[in-house]
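Residue numbers (our numbering): 6 to 205. Cβ coordinates follow ideal geometry from the N, Cα and C atoms, glycine included. Everything numeric in this text was worked out from a predicted model, so none of it was measured.
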């Protein structure tokens, strides 16, 4: 196992000891994607006066190119396990000025109390412009006792799904079907999926 502590400060040693001894349950999630090979990382150049990077990076770049990461964006484990079920939307259509309301059941299937970071992504498979496969559009931390189930709700304004049209200099909400994914990380296999449509 890997315990990533980043820069925990002067009490970091005490916190790590509590985690390693099982007195506390880790619940963090990766804020970046870890590739399987360093060649998939952006080039590091500390001598050039300017460096140009592409539009995509992290999980959006990995998904665009079909790369399977070593650890996906949003990944993180704990001393217990969680199961997701019954992803649903309040409606199958939403106006460009409205919002999408999603909910999902999350159950602590292990023997220890823990906290899960529930993540919601929205995809753009029918977009007429070049867009990411999906983008994170909500997350919630939920504490759960062993065997406990909670229903987690999300509200996503449809305007948050817009892209910026350089030609018209305006934000555009595409009239199309949007898949909604919910799960413990950005990895496709980890996610439940449903969809809604923004009609013409």
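- Around the Cβ of residue 139, a 10 Å sphere holds 16 or more other Cβ atoms; the residue is buried.
- In the structure shown, residue 66 falls within a helical segment according to DSSP collapsed to helix, strand and coil.
- Taking a contact to require three or more Cβ pairs closer than 8 Å, the region 160-171 and the region 43-62 do not qualify as touching.
- Residue 182 places its beta carbon less than 8 Å from that of residue 131.
- In terms of Cα proximity to residue 93, the closest of 203, 102 and 197 is 197.
- Nearest in C-alpha terms to residue 134, of all of 123, 112 and 168, is 168.
- Under DSSP, residue 202 forms a beta bridge with 98 and 182.
- In the DSSP assignment, residue 156 falls within the beta strand (DSSP E) that extends over 154-162.
- Look at residue 192 here: in three-state DSSP terms it is coil, with no helix or strand label.
- Note on geometry: alpha-carbon atoms of residue 158 and residue 55 lie some 44 Å from one another.
- Secondary structure note for residue 17: its alpha helix (DSSP H) is the uninterrupted segment 17-25.
- With fewer than three CB-CB distances shorter than 8 Å, the region 62-74 does not count as touching the region 101-120.
- In this chain, residue 28 is not harboured by any beta strand (DSSP E), its DSSP state being neither H nor E.
- The Cβ-Cβ distance between residue 141 and residue 124 falls below 8 Å.
- The DSSP-derived three-state label of residue 140 is strand.
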